[in-house]
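*Asks:*
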Amino acid sequence: MMNWKRWLAIGIAVVLFIGSSILNFATSVFFGESGSALESWLDEGDKEFEETVIEEGNTNQKIVVLKLEGVIQDTGSAGGILQAEGYNHKKFMKQLEQVKNDNTVKGIILYVNSPGGGVMESAQIHDKIIEIQEETGKKIYVSMGATAASGGYYVSAPADKIFASPDTLTGSLGVIMQAWNFEGLADKYGVDLVTIKSGPFKDIMSPVREVTEEERDILESMVDNSYNQFVKVIAEGRNLSQSRVRELADGRIYDGWQAKDVQLIDEFGYLEDTIDHLKNDLKMKNAQVIEYSSSNSLKTLFEMRMQSWFSGDQEMTSLVRLMSEFQAPRLMYLYTH
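The sequence shown: position 316 = 316 (full-length UniProt numbering), numbered continuously.
1. Are the stretch 56-72 and the stretch 84-104 touching, with three or more C-beta to C-beta distances below 8 Å?
2. Could you check which residue in 247, 288 and 332 has the C-alpha nearest to that of residue 52?
3. Taking Cβ to Cβ, would you say residue 122 is nearer than 8 Å to residue 175?
4. Note down the Cα distance separating residue 44 from residue 254, rounded to an integer number of angstroms.
5. Quick check on residue 342: buried or exposed, where buried means 16 or more other Cβ atoms within 10 Å of its Cβ?
6. Is the stretch 131-144 touching the stretch 231-241 in the sense that three or more CB pairs, one from each, lie closer than 8 Å?
7. Skipping 5 residues on each side, what residues in its chain have a beta carbon closer than 7 Å to that of residue 215?
8. If I'm right that residue 108 touches residue 64 with Cβ under 8 Å, what's the distance once you round it to whole angstroms?
9. Quick one: what's got a C-beta closer than 7 Å to residue 149's C-beta in the same chain, skipping five residues either side?
10. Find out if the Cβ-Cβ distance for the pair residue 193, residue 208 is shorter than 8 Å.
11. Suppose the cutoff is 8 Å on Cβ atoms and the five residues either side in sequence are ignored; what does the same chain contact list for residue 268 look like?
12. Cα separation between residue 282 and residue 156?
13. Would residue 284 pass as a contact of residue 98 if the rule is Cβ separation under 8 Å?
14. Looking at residue 66 and residue 223, is the spacing between their C-beta atoms short of 8 Å?
15. Can you give me the C-alpha to C-alpha distance between residue 138 and residue 220, rounded to a whole angstrom?
16. Per DSSP, residue 288 forms a beta bridge with which residues?
17. With 16 other CB atoms within 10 Å as the buried threshold, where does residue 80 fall?
18. Can you tell which of 265, 217 and 290 has the C-alpha that lies nearest to the C-alpha of residue 240?
19. Might you give, ordered along the chain, the residues of its own chain that have their beta carbon closer than 6 Å to the beta carbon of residue 161, omitting 5 neighbours on each side?
20. Could you compute how far the alpha carbon of residue 206 sits from the alpha carbon of residue 92?
21. In whole angstroms, give me the CA-to-CA distance for residue 243 and residue 119.
22. Restricting to Cα atoms, I'd like to know which of 290, 333, 272 and 199 is closest to residue 143.
23. Between which residues of its own chain and residue 191 is the CB-CB distance below 6 Å, once the five residues before and five after are set aside?
24. Beta strand (DSSP E) containing residue 106: first to last residue?
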């Protein structure tokens with residue numbers, strides 16, 4: 001039985017969610033789809049990132065460590081101020097843009113600790129890395145954390161060098177699309193979903209019925225297209241033949257030893273080892289090593305406050321996640337088990 005505190009918390013969450021939706025709608029109507037003055041003001045602190053020094057050195061010779069941690073997924077603005085804490089795709093893309101445009105940045109280390117994520121988001125990061133390399137000539141090294149699998153490997157593939165520990169889990173090269181099937185549960189409890197659709201495939205991967213063979217063929221074709229792109233990215237990034245990549249990309253995971261044997265990584269080492277290698281390769285032993293941190297904009301401070309209010313309440317945390325995540329099935333470069 002819920003007490004008054006729970007009801008109050010849910011009431012606050014609903015009010016804030018509705019208020020956030022109204023604000024998004026109002027700014028869209030009054031300021032246009034390309035972005036509003038109000039949104040720009042709220043996001044002002046997110047446009048540029050403050051520098052946190054990891055190692056002191058020459059401020060005109062910087063190495064930036066960008067941390068990519070968590071599931072690579074763009075939750076958009078659906079969650080508004082209730083968006084759960086974690087990987088923020090919009091901010092990460094801004095960080096990549098900042099390292100590209102900062103002439104004092106001579107080298108980049110991408111620290112990847114991720115099981116992967118969305119096909120589109122992984123492709124955006126990959127393409128941005130290629131853009132930075134081609135337009136600026138800046139070296140990009142990857143330091144893998146405990147896990148750098150599937151989409152985590154996809155974004156790592158174009159790096160000039162990849163470092164991992166012997167215990168890193170990587171690989172899981174491939175594509176997955178999943179959805180729940182509640183047909184049996186719905187039948188058991190007498191739940192009937194009424195669907196009126198404009199075409200035979202409009203409710204493809206419906207959670208209350210089996211996928212037909214014709215639908216399965218359509219979905220498998222989509223998975224194959226994304227898989228072929230994954231193979232191409234690895235082949236180009238690691239200088240391997242596509243036939244060799246297809247042998248490796250059967251979905252299995254590799255530890256660091258296995259990954260090195262099959263040329264998916266270059267060297268063993270942790271983040272500090274990757275920093276030392278990049279300094280030596282750039283002949284910049286006195287380089288300043290930095291990270292980016294978000295400036296304390298009004299929006300950021302408010303989001304942090306909201307998260308702290310609900311962080312100890314599992315029910316509210318689940319509610320926030322449900323309200324902020326897109327639930328439809330989607331193509332994923334994701335290591336899942």
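Glycine included, every Cβ here is placed at the ideal spot set by N, Cα and C.
*Replies:* In terms of the structure at hand:
1. Enough Cβ pairs lie closer than 8 Å, so yes.
2. In the sequence shown, residue 52 corresponds to position 52, counting from 1. For residue 52, the nearest C-alpha among the options comes from 288.
3. Translated into the one-based positions of the sequence shown, residue 122 becomes position 122. Translated into the one-based positions of the sequence shown, residue 175 becomes position 175. No, these two residues do not count as a Cβ contact at 8 Å.
4. Indexing the sequence shown from 1 puts residue 44 at position 44. Indexing the sequence shown from 1 puts residue 254 at position 254. Because residue 44 sits at a pLDDT of 43, beneath the cut-off of 50, its placement in the model cannot be relied upon, and the following sentence gives the value as read from the coordinates. Those two C-alpha atoms are separated by around 42 Å.
5. An answer regarding residue 342 cannot be provided, because it is not within the stretch 1 to 337 covered by the chain.
6. no
7. The residue labelled residue 215 in the question sits at position 215 within the sequence shown. Excluding positions up to five away in sequence, the list reads 201 and 204.
8. Position 108 of the sequence shown, counted from the first residue, corresponds to residue 108. Position 64 of the sequence shown, counted from the first residue, corresponds to residue 64. Rounded, the Cβ-Cβ distance is 5 Å, consistent with contact.
9. Here residue 149 corresponds to residue number 149 of the sequence shown, with the count starting at 1. Result list for residue 149: 115, 116, 169, 170, 171, 172, 253 and 335, in chain order.
10. To locate residue 193, count along the sequence shown from 1; it is residue 193. To locate residue 208, count along the sequence shown from 1; it is residue 208. Cβ distance < 8 Å, so residue 193 and residue 208 count as in contact.
11. If you number the sequence shown from 1, residue 268 lands on position 268. 163, 164, 165, 166, 256 and 260, listed in sequence order.
12. Residue 282 sits at position 282 when you count from the first residue of the sequence shown. Residue 156 sits at position 156 when you count from the first residue of the sequence shown. Distance between the alpha carbons of residue 282 and residue 156: 20 Å.
13. By one-based count along the sequence shown, residue 284 stands at place 284. By one-based count along the sequence shown, residue 98 stands at place 98. No, these two residues do not count as a Cβ contact at 8 Å.
14. Position 223 of the sequence shown holds residue 223. Position 66 of the sequence shown holds residue 66. Taking 8 Å as the Cβ cut-off, residue 223 and residue 66 do not qualify as a contacting pair.
15. The sequence position of residue 138 within the sequence shown is 138, counting from 1. The sequence position of residue 220 within the sequence shown is 220, counting from 1. For residue 138 and residue 220, the distance between alpha carbons rounds to 38 Å.
16. Within the sequence shown, residue 288 is the residue found at index 288, counting from 1. 62.
17. Here residue 80 refers to the residue found at position 80 of the sequence shown. In this predicted model, residue 80 has a pLDDT of only 45, less than 50, meaning its place in the structure is not dependable; the value taken from the coordinates is given anyway. With 16 or more Cβ atoms within 10 Å of its Cβ, residue 80 is classed as buried.
18. As a first step, residue 240 must be located in the sequence shown, where it is residue number 240. Ranked by how close their Cα comes to the Cα of residue 240, the residues 265, 217 and 290 have 265 in first place.
19. Looking up residue 161 in the sequence shown gives position 161. Excluding residues within five positions, the ones whose Cβ falls inside 6 Å are 141 and 266.
20. Residue numbering aside, residue 206 sits at position 206 when the sequence shown is read from its first letter. Residue numbering aside, residue 92 sits at position 92 when the sequence shown is read from its first letter. Answer to the nearest angstrom: the Cα atoms are 33 Å apart.
21. Residue mapping note: residue 243 aligns to position 243 of the sequence shown, counting from 1. Residue mapping note: residue 119 aligns to position 119 of the sequence shown, counting from 1. Going from the Cα of residue 243 to the Cα of residue 119 covers about 22 Å.
22. To locate residue 143, count along the sequence shown from 1; it is residue 143. Here the closest residue by C-alpha is 272.
23. For the purposes of this step, residue 191 is taken as residue 191 along the sequence shown, with counting starting at 1. Excluding residues within five positions, none has a Cβ falling inside 6 Å.
24. Numbered from 1 along the sequence shown, position 106 holds the residue referred to as residue 106. Taken as a continuous stretch (DSSP letters only), the beta strand (DSSP E) holding residue 106 covers 105-114.
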